[in-house]
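Colleague: In this text, residue positions in the sequence shown follow this note's numbering: the first is 1, and each later residue adds one. Every residue, glycine too, gets a C-beta built ideally from N, C-alpha and C. Okay, handing you the structure first.
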Amino acid sequence: MQKWFKSRGGGEGGSGSGGPMGLGNSAKGRASLRDTQTALAAALETLTLKDNAIKRLEEELREKEATIAALNTQLDKLRSVLPPLTGQRPHSLHGRISLRSLTCRNNNSEHHNRNSLQNDRYYPPPSSNASLIEGVSEGAEARVKRTAISAEPAAQGFDEGYDPDYAPVVVPKSQKSKELLRQAILDNDFLKNLEMGQVKEIVESMYSVEYAAGALIIKEGDIGSMLYIME
């Protein structure tokens, strides 16, 4: 009796050769995916670092631009108050700008200087602070404009007709108020060209007046002989 046996060597060999090959491809795929993820994470980290560096540089640039703008403002103010190098002596504001003293404001009589400043006004009851000063009258403003157009020497006539009765009166005030007034004058396009001594004279002579909330302080069409600085 013969028995026949079928050899499975070839089949098992085929299966064996197919199994390890599939496992190898899968392992390679997982390794490639891990490498890609690692590279992507590194690229994202590098990009984040670059973004942070750009933001830091932009912030530094903004700070430097702000510093430059502040320095330019200070430079403009210094240029506006430094006396010109023309060899001319500084001139007082007397005769071109007359400052009204507290005694003139407290009495009821009318005062007229050569610039015809306004009569005393009634000031409303106190509420909000306002510092003010008598400024340039219409005639003085016209002369200043003509001087600017015709290039007439600004020093001409400064000391003519000086009246000691209208000499500026120093009004006591805190250093903080003085600095506020000085900065406001230097920020004004017209007054910033005054000399430092003139600016100081104006600041020292200004006095404080309080107004009720909602009170009308100045309206269009009023004579421009008053300078108001709100505190």
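Taking the alpha-carbon positions, what's the Lys176 to Leu186 distance?
Modeller: Approximately 15 Å, taken between the alpha carbons.
Colleague: Looking only at its own chain, which residues have a Cβ that is under 7 Å from the Cβ of Leu181, when we skip the five neighbours before and after it?
Modeller: So the list reads Ser131, Val203, Met206, Ile229, once near-sequence residues are dropped.
Colleague: Taking the alpha carbon of Val209 as the point to measure from, which residue in Met196, Glu195, Ile223, Leu227 has its own alpha carbon closest?
Modeller: Looking at the Cα atoms, Leu227 is the closest of the given residues.
Colleague: Can you give me the C-alpha to C-alpha distance between Gly236 and Glu58, rounded to a whole angstrom?
Modeller: The chain is shown only over 1 to 231; residue 236 falls outside these bounds and no answer can be derived.
Colleague: For Pro168, count neighbouring C-beta atoms within 10 Å of its own C-beta (all shown protein chains included) and say buried if the count is 16 or more, exposed if not.
Modeller: When all chains shown are included, Pro168 counts as buried.
Colleague: Taking Met206 as part of the beta strand (DSSP E), name the residues at either end of that continuous run.
Modeller: From DSSP, Met206 is part of no beta strand (DSSP E); its letter is neither H nor E.
Colleague: Below 8 Å between beta carbons: does that hold for Lys200 and Ser80?
Modeller: Not closer than 8 Å, so no.
Colleague: If you run the structure through DSSP and keep just helix, strand and coil, what is Leu216?
Modeller: Reduced to three states, the DSSP call for Leu216 is coil.
Colleague: Where does the unbroken beta strand (DSSP E) through Leu227 begin, and where does it stop?
Modeller: Start and end: 226-230.
Colleague: How is the alpha helix (DSSP H) around Lys176 delimited, first residue to last?
Modeller: That run of the alpha helix (DSSP H) goes 175-186.
Colleague: How many angstroms separate the CA atom of Leu33 from the CA atom of Thr46?
Modeller: Whole-angstrom Cα-Cα distance: 20 Å.
Colleague: Would Tyr211 pass as a contact of Ile218 if the rule is Cβ separation under 8 Å?
Modeller: Going by C-beta atoms, Tyr211 is not nearer than 8 Å to Ile218.
Colleague: Would you report the Cα separation of Lys50 and Ala42, rounded to the nearest angstrom?
Modeller: Their backbone Cα atoms lie some 12 Å apart in a straight line.
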